[in-house]
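Participant: Residue 46 is where the sequence shown starts when you use our numbering, and the numbers rise one by one after that.
Every residue, glycine too, gets a C-beta built ideally from N, C-alpha and C.
The structure follows.
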Amino acid sequence: MRSSLLAILLAAGFVAVPVRADDSMATLKPEQIGQIFCLSRTGNDEGAIEGLLSPALKSGMAEAWAANAAWEAANPGEKPPLGDGIPWQAWPDYAPECTVGLVTLMKSDARVEIAYAFPDQPDANFTDTLLLKRVEMPAFQAAFWRVDNIAYATGGDLRAVLAELVAGE
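Dropping the structure here:
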């Protein structure tokens, strides 16, 4: 009886010990982040990707929204720079199709091609690239992939557009 109780207590002790996150923990892969990003674009729902943004990109977006609010207050009745929201893609037109293309992995960076397609106007198709970084998450003792920027098909990028807005350009 005592040995059975001791065995149960020992087994329970191993189960109750907190486990540190490691490389085998199920985390999102860059391709999956691209798929979630595409769902957010075709569904016009930024909420799907808010938790997948790097702290640096979130900070840049917050600064841009503050600058946008100041511009709007100074220019009542006019469309503000972010009147259409955050420019998540090179062109503001709604693309009915969004797919993940080539994924390039480095140790702490990844590039995920996002192909936008217009079935009725194939000449309008374009490809942007998500730039991901591995971001340390101390609470989990691990690093996770996060969207840090978007390289536009037109040659610019999201963070540069946000910085220009903050600078008043």
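1. How is isoleucine 94 classed by DSSP in three states: helix, strand or coil?
2. Spell out the partners DSSP gives arginine 156 in its beta bridges.
3. Whose C-beta lies closer than 6 angstroms to the C-beta of glutamate 108 among residues of the same chain, with five residues either side of it excluded?
4. Considering only residues of the same chain and omitting the five flanking positions on each side of tryptophan 215, which have a CB-CB separation below 8 angstroms?
5. Looking only at its chain, what residues have a beta carbon closer than 6 angstroms to the beta carbon of alanine 169, apart from the 5 residues adjacent to it on each side?
6. Report buried or exposed for leucine 84, applying the criterion of at least 16 other Cβ atoms within 10 angstroms of its Cβ.
7. Measure the C-alpha to C-alpha separation of lysine 152 and arginine 191 and round it to an integer number of angstroms.
8. Would you list the residues sitting across from cysteine 143 in a DSSP beta bridge?
9. Within the continuous beta strand (DSSP E) that includes alanine 198, where are the two ends?
10. Rounded to a whole number of angstroms, what is the C-alpha to C-alpha distance between threonine 87 and asparagine 113?
11. Nearest CA to the CA of tryptophan 133: which residue from Ile94, Ala118 and Gln77?
12. Tell me the residue span of the alpha helix (DSSP H) that contains tryptophan 116.
Facilitator: Let's see:
1. Within the sequence shown, residue 94 is the residue found at index 49, counting from 1. Coil at isoleucine 94, not helix or strand.
2. Here the question's residue 156 lines up with position 111 in the sequence shown. DSSP, once it has assigned bridges, lists Thr149 and Leu176 as partnering arginine 156.
3. Translated into the one-based positions of the sequence shown, residue 108 becomes position 63. Closer than 6 angstroms at the Cβ level, and outside the excluded window around glutamate 108, lie Val211.
4. Residue 215 lies beyond the stretch modelled for the chain, which goes from 46 to 214, so this question has no answer here.
5. Numbered from its first residue, the sequence shown carries residue 169 at position 124. Counting only Cβ-Cβ distances below 6 angstroms, and skipping sequence neighbours, we find Phe163.
6. Here residue 84 corresponds to residue number 39 of the sequence shown, with the count starting at 1. It is exposed - the Cβ of leucine 84 has fewer than 16 other Cβ atoms within 10 Å.
7. Mapped onto the sequence shown, residue 152 falls at position 107. Mapped onto the sequence shown, residue 191 falls at position 146. Cα to Cα, lysine 152 sits roughly 13 angstroms from arginine 191.
8. Along the sequence shown, read from residue 1 onward, the residue named residue 143 stands at position 98. Tyr161.
9. One-based indexing of the sequence shown puts residue 198 at position 153. That residue, alanine 198, is in no beta strand (DSSP E); it is neither H nor E in DSSP.
10. Residue mapping note: residue 87 aligns to position 42 of the sequence shown, counting from 1. Residue mapping note: residue 113 aligns to position 68 of the sequence shown, counting from 1. Their Cα atoms are separated by approximately 25 angstroms.
11. In the sequence shown, the residue the question calls residue 133 occupies position 88. Taking only the C-alpha atoms, the option nearest tryptophan 133 is Ile94.
12. The residue given as residue 116 occupies position 71 in the sequence shown. Taken as a continuous stretch (DSSP letters only), the alpha helix (DSSP H) holding tryptophan 116 covers 100-119.
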